[in-house]
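What follows is a single structure, written as structure tokens, with notes after it.
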Amino acid sequence: MTTAILKHPAQLGRDDGNGGVPARRAMIRWAGRLFRREWRQQLLVLALIIAAVGATVLGAAVATNTPMATNAGFGTANHIVTIPGNDPHLATDIVAIKARFGSIDVIENENIATGTVNTAVLRAQDPRGRYGSPMLSLVSGHYPSGPDEAALTQGLATTFNVRVGDTWRDAGQVRRVVGLVENPQNLADEFALVAPGQIKSPTQVTVMFNATASGIYAAQSAGFKLPSGASVETPPPPTTNIINPSTLVLVLDTFGLLLIGLVAVAGFTVMAQRRMRALGMLGALGATDRHIRLVMIANGAVVGVMGTLIGAVLGFAGWFAYRPRLETSANHVIAPFHLPWWLIGTAMVLAVVTAILAARRPARAMARLPIVAALSGRPPSPKEKQVSAMRGGILVAVGFGLIAIAGGSKASGGMLPLLLGIVALVIGSLFLAPVAIAGLADLGHGAPIAMRLALRDLARYRSRSSTALGAISVSIIIAVITCVVASARASDVLDYSGPNLAPNQLVVYVGCGAGEGNCPFSPVTGAKARALRSEVAASLGTHEVLDLDSAVYQKTANIPTSKGGNPTATLFQMNTSRNYSGPLYVATPAMLHLFGIRQSTVASNADILTSRVGLAGLPNMQILFGDAFNQGPSPGCSPSSCFNNPKIETVSSLPTGTSAPNTVITEHALHALGLTLAPTGFLYQTAKPLTAVQINDARELAASTGASIETKNSEIGLSQLTELATAAGILLALGILAMTVGLIRSETASDLRILAATGASSRTRRALTGVTAGALGLLGALLGTAVGYVACIGFFGSKLGELTHPPILDLLLIIVGMPLVAAAGGWLFSGRQPPAIARSPME
Amino acid sequence: MSYLELRGVSKVYGEGPTEVHALTGVDLSADAGQLVAVMGASGSGKSTLLTIAGSLEEPTSGEVLVGGALLSKMSRNDKARMRRRSIGYVFQDYNLLAGLSAVENVSLPLELDGVAAKKAQSAGMAVLEELGLADRATSFPDELSGGERQRVSIARAVVGERHLLLADEPSGALDSANGEAVMRLVLAACRRGVAAVVVTHEAQLASWADRVVFLRDGRVVDQTEPLSGIEESLLAHGPKQ
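Protein sequence lines, in the order shown, are assigned to chains D and S. Start counting the first sequence at 138; every next residue gets the next number (our numbering). Start counting the second sequence at 5; every next residue gets the next number (our numbering).
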């Protein structure tokens, strides 16, 4: 070697002491290369960011597109007048509206029978109408133009089993199906479109027009009057409430990112540990503190950007895949790119910023580390973290107060204090975490060596373990709040929720005795009903058929329910005015037999049997019947309308579906109260879950007689919700645990070597890791559960009774199961010191 | 004039009963073009001496001058700048950065100093060519042999206009052939005017130095000058390829 290679670098580069752009570029390049080499070690943080961004994109899209547009049903008009079809001067009235307000669009509707509980109409509408055209679109075929043509919605075509080109018979008139249509603003709008003027006797006529408020006022001043029975409507004004779906998604996203940020701090600290020697070498080469921070922050940014991009792509993919299903459930057409871009953009930026901010703390710590210590791969002894229960306690108290305010206020008005309260609780729990760890370490005195060391290490490395404990607690808080609230909701035995029927159950409704206020069809009675009962049973291939009868007051039993004259008996809670939801069928001997209930096991004086746990214990219950609904519930009820404090007995053999006979009135009560049976329908049970063919056959049979059917809906049960929340909370907590335990144990690797040298076996090493993981898991579970319950108690406030049915299984899984899994995982995976953690990436 | 000068340097780790005196009143100097070998038993303070000389650690007392500048008067940033411009380090375990190729590792101090990547890498490439590693320039550290890694780390220590080379057991992890090759590179740097301080426990390698300093319990106990002529004979072999 003979020459120096370069003139003084300062002559060639910028001399700002930090190397300027070239130096920053070199650091960012290295950070990018390290991410490529070590992305697997950052998988948890990456996965969490991907999940957060993906969920935000999907959630934002769903939340903002689910509500119907405020102008749904108005097309492009700002006023609609609905005139009853029986208006004797219908044509004259329409002409008068046109003369007064100028251009109008007229839509005529006539009810048609479909054989299901869903109604449909025959509609005469001009597809090119001035105002109504946005409410009509052609799916296939063409619009009807002649008197014998019709275009059906897909749902109606399926109901009647017709396709384009088939003939469709309705009320004796035969029409050719020329197309499939839909109302993009309301996909639940089932109708058969015919050409304008083809409806002879409409049930209802809608006249659409545009008018200003002053125009309406002028018309009223000039003596213009709407036809008798007609009503005028305008679209509701756009909402300006700050608490709307978009802001709620943003708040949830921010909350989620706060949690991810905590996890990311721990994750990036692990990475900093791995790169300690390399960063020390960088310092030895002349890198400044800023350069060293930049490497770590650039790594955070790369993780954030990669996670955000992948999450966004997955979120958009999920949205495009889910959009057709959402259109079906939301009942309106949704444009694929009708998205809250500002919200998605903000969430993406927040995700990147979260990752960068999370990387800052370990970056600063690493830059402050003495170069020699970093080069040797020996982190300095952890600093004692100030233990302050006071701040945590105050924040938890403030959070409790805010949540109590939210619980006591009306729905949307309490949202802000609720969110602030939860944030205060979360931050409070972060402050309480080190206190809990210190307390646990004190408990370790006198324990076996492995346990004592593990607990002591948790306290020694409190700056790391308390951050992780805070993150674990937050994930448990969310799971606990979800479980407790869901359980409280499930324990609301009056307002019962969940799946309606089992997959092998089907109900055919022949009357409107099941508590329906507005019966959509005329009851099917006598021989016709009996024939239907047998035919449906035959089509389903089952003999398990149960007559479902409601109870009505004898003296008014001849008044049809559809007239509202004789509502069926139901349960009511006096003082709270809370009505029982669901049908109240009669517990006939046949019903008891079907569900395996022996008459002798039921108290002879029981009035109500129920599978709803807790209903029997509710005070001030009444059975209402007859003309009670005209009088309203009152403490002093008359024998002809109500019965106070019925004897309610819990019978677990009864089904639990909301439409199944889960709560029934006994024959004893029936006779005592002078009630009689009102046939309502038939319950069928099959050996296996019903198939689509069986359901369709039953529907067609029911439709042929004017009856309707009900089968299992897709509503998620509350138990499924709590299971999901518990599983998600536990998985997240275990992920954080794995990372933290790995970090703490890698920092104490020298202790392990000393232990091994003094004769400790691999069992001791396993025990150390297992106890570290189990203790941290137990603390997180206890702290998270306690704070979660504080939130729930604050929210329910005066209605604490609703918390008397805790989700015991979920809580046991969290408090016992999660720490055990953590301990077992620590034990199993610590047999061999992981080289990836023990060694730093230097060559 | 000495490029490196340590005056009465002491280093104490810990406090009270855990206090350890790593160095006590050490005086040491290295002139431009001079190779100084530091020898001593384990725990004698050799590595501490090197890290203090290279501004990686602060002495508890005493003064360190590099190129006539007092380190204690410098800010952290000034020291960092001095390290990337004037001081080159060679460690026993190479300390190459994974994720950067050989030429990127070599050019890193220049890039940190603000030299554009292309220019820095061409400078790095030139050094690698001189060390016979041009064909491995794009290889990553884990693709290089131990001897190649140490040569790359020497290239990184001498790239640019370095005046001081500090090597801590540079041949400790190498076989004798590679160890000699590394020492030849260090000597070649000294021939260009670089002051070098090499910590070694091998007497044979120390014998190549202009001066050998012996440390015991943190104190300089002896300083000798080896037989003249060895350096010339070693250099006559040229760098080992």
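C-beta: ideal position from N, C-alpha, C; glycine also.
### DSSP three-state assignment for L708/D, whether helix, strand or coil
Strand at L708/D.
### Query
How long is the line joining the alpha carbons of Y17/S and A875/D, rounded to whole angstroms?
In a straight line, the C-alpha of Y17/S is about 35 Å away from that of A875/D.
### Task
Classify I802/D as helix, strand or coil using the three-state DSSP reduction.
Three-state result, I802/D: strand.
### Query
At least one CB of chain S closer than 8 Å to the CB of H428/D: is that the case?
Residue contact check for H428/D against chain S: a CB pair falls below 8 Å.
### Message
Tell me which residues of the stretch 71-87 of chain S have at least one Cβ-Cβ distance to chain D shorter than 8 Å, keeping chain order.
### Response
So the close ones are R80, N81, D82, A84, R85, M86, R87.
### Query
Below 8 Å between beta carbons: does that hold for L494/D and G576/D?
No, Cβ-Cβ distance for L494/D and G576/D is not below 8 Å.
#### Entry: Cβ distance (whole Å) where V315/D is taken to contact G278/D below 8 Å
Yes, V315/D and G278/D are in contact; Cβ-Cβ is about 5 Å, under 8 Å.
### Query
Is the stretch 420-439 of chain D touching the stretch 216-229 of chain D in the sense that three or more CB pairs, one from each, lie closer than 8 Å?
No, they do not touch.
### Query
How many Å lie between L791/D and Q642/D at the Cα?
Each residue's Cα considered, the two are about 13 Å apart.
### Task
Could you tell me which of D214/S, N182/S, E165/S, E173/S sits nearest to T204/S, measuring between CA atoms?
For the set D214/S, N182/S, E165/S, E173/S, the Cα lying nearest the Cα of T204/S is the one of E173/S.
### Task
Give the secondary structure of Y93/S by DSSP, where H, G and I count as helix, E and B as strand, and everything else as coil.
In this structure, Y93/S counts as strand in the three-state DSSP scheme.
### Through-space distance from T922/D to S610/D, alpha-carbon basis
Rounded to whole angstroms, S610/D and T922/D show a C-alpha spacing of 8 Å.
### Backbone CA spacing between E67/S and V202/S [nearest angstrom]
Their Cα atoms are separated by approximately 20 Å.
#### Entry: Partner residues on chain S for V509/D, Cβ-Cβ distance less than 9 Å
Under the 9 Å cutoff, chain S gives S51, T52, T55, L60, E61.
### Query
Any C-beta of chain D sitting closer than 8 Å to the C-beta of E115/S?
It does: the Cβ of E115/S has a partner Cβ on chain D nearer than 8 Å.
### Message
On a Cα-Cα basis, can you pick out the residue from A666/D, E672/D, G678/D that is closest to L685/D?
### Response
Checking every option, the nearest Cα to that of L685/D belongs to A666/D.
#### Entry: Burial state of N99/S (16 or more Cβ within 10 Å)
A residue is called buried once 16 or more other Cβ atoms fall within 10 Å of its Cβ, and N99/S is buried on that count.
### Query
Going along chain S, which residues have a C-beta under 9 Å from M418/D?
Residues of chain S with a Cβ closer than 9 Å to the Cβ of M418/D are, in chain order, Y93, F95, N99, L100, L101.
### Partner residues on chain S for W167/D, Cβ-Cβ distance less than 9 Å
Neighbours of W167/D on chain S, chain order: L101, G103, L104, E108, L112.
### Message
Taking only three categories from DSSP, how would you classify V119/S?
### Response
Secondary structure at V119/S: coil, using DSSP grouped into helix, strand and coil.
### Task
Give the single residue among T800/D, V258/D, A288/D, N323/D whose Cα lies nearest to the Cα of V276/D.
The option with the nearest alpha carbon to V276/D is A288/D.
### Query
How close, in whole Å, do the beta carbons of L721/D and I802/D come, if the pair is a contact with beta carbons under 8 Å?
Right, their Cβ atoms sit about 6 Å apart.
### Query
Mind pulling the chain S residues with CB within less than 7 Å of G514/D?
Going along chain S, no residue has its Cβ under 7 Å from G514/D, so there is no contact; the nearest lies around 10 Å.
### Task
Specify whether the stretch 942-953 of chain D and the stretch 889-901 of chain D touch according to this definition: at least 3 beta carbon pairs, one from each stretch, less than 8 Å apart.
Too few Cβ pairs lie closer than 8 Å, so no.
### Selection from L422/D, V232/D, I234/D, L363/D that minimises the alpha carbon distance to A160/D
Cα-wise, what sits closest to A160/D is L422/D.
### Query
When the distance is taken between beta carbons, is S59/S closer than 8 Å to K77/S?
Taking a C-beta distance under 8 Å as the contact criterion, K77/S and S59/S do not qualify as a contact pair.
#### Entry: Separation of L101/S from L180/D, as counted between CA atoms
Rounded to the nearest whole angstrom, the C-alpha separation of L180/D and L101/S is 22 Å.
### Cα-Cα separation, S65/S to D35/S
Across the structure, S65/S and D35/S are spaced so that their CA atoms are roughly 23 Å apart.
#### Entry: Residue from S513/D, L317/D, V442/D with nearest C-alpha to V412/D
Looking at the sequence provided, one finds Arg at residue 412/D rather than Val. Of the candidates S513/D, L317/D, V442/D, S513/D places its Cα closest to the Cα of R412/D.
### Message
Less than 8 Å between CB atoms is the rule here; does G118/S satisfy it with respect to chain D?
### Response
Yes, its Cβ sits closer than 8 Å to a Cβ of chain D.
### Message
Can you tell me where the alpha helix (DSSP H) holding K235/D begins and where it ends?
### Response
Note, K235/D: alpha helix (DSSP H), 227-238.
### Query
By Cβ distance, which residues of its chain are closer than 6 Å to D307/D, with the 5 residues on each side in sequence left out?
These residues qualify, in order along the chain: I249.
### Message
Out of E229/S, V217/S, T228/S, which one is the CA nearest neighbour of S48/S?
### Response
Nearest C-alpha to S48/S: V217/S.
### Message
Check this for me: beta carbons of Q189/S and R155/S, under 8 Å apart or not?
### Response
Per the sequence shown, residue 189/S should be read as Leu rather than Gln. With contacts defined as CB atoms closer than 8 Å, L189/S and R155/S qualify as a contacting pair.
### Per DSSP, the bridge partner or partners of N248/D
V258/D.
### Task
Examine chain S for any beta-carbon lying closer than 8 Å to the beta-carbon of S549/D, and answer yes or no.
Only weak support is given to the placement of S549/D: the predicted model assigns it a pLDDT of 49, under 50, and the value that follows is read from those uncertain coordinates. The beta carbon of S549/D does not come within 8 Å of any beta carbon belonging to chain S, so the residue lies off that interface.
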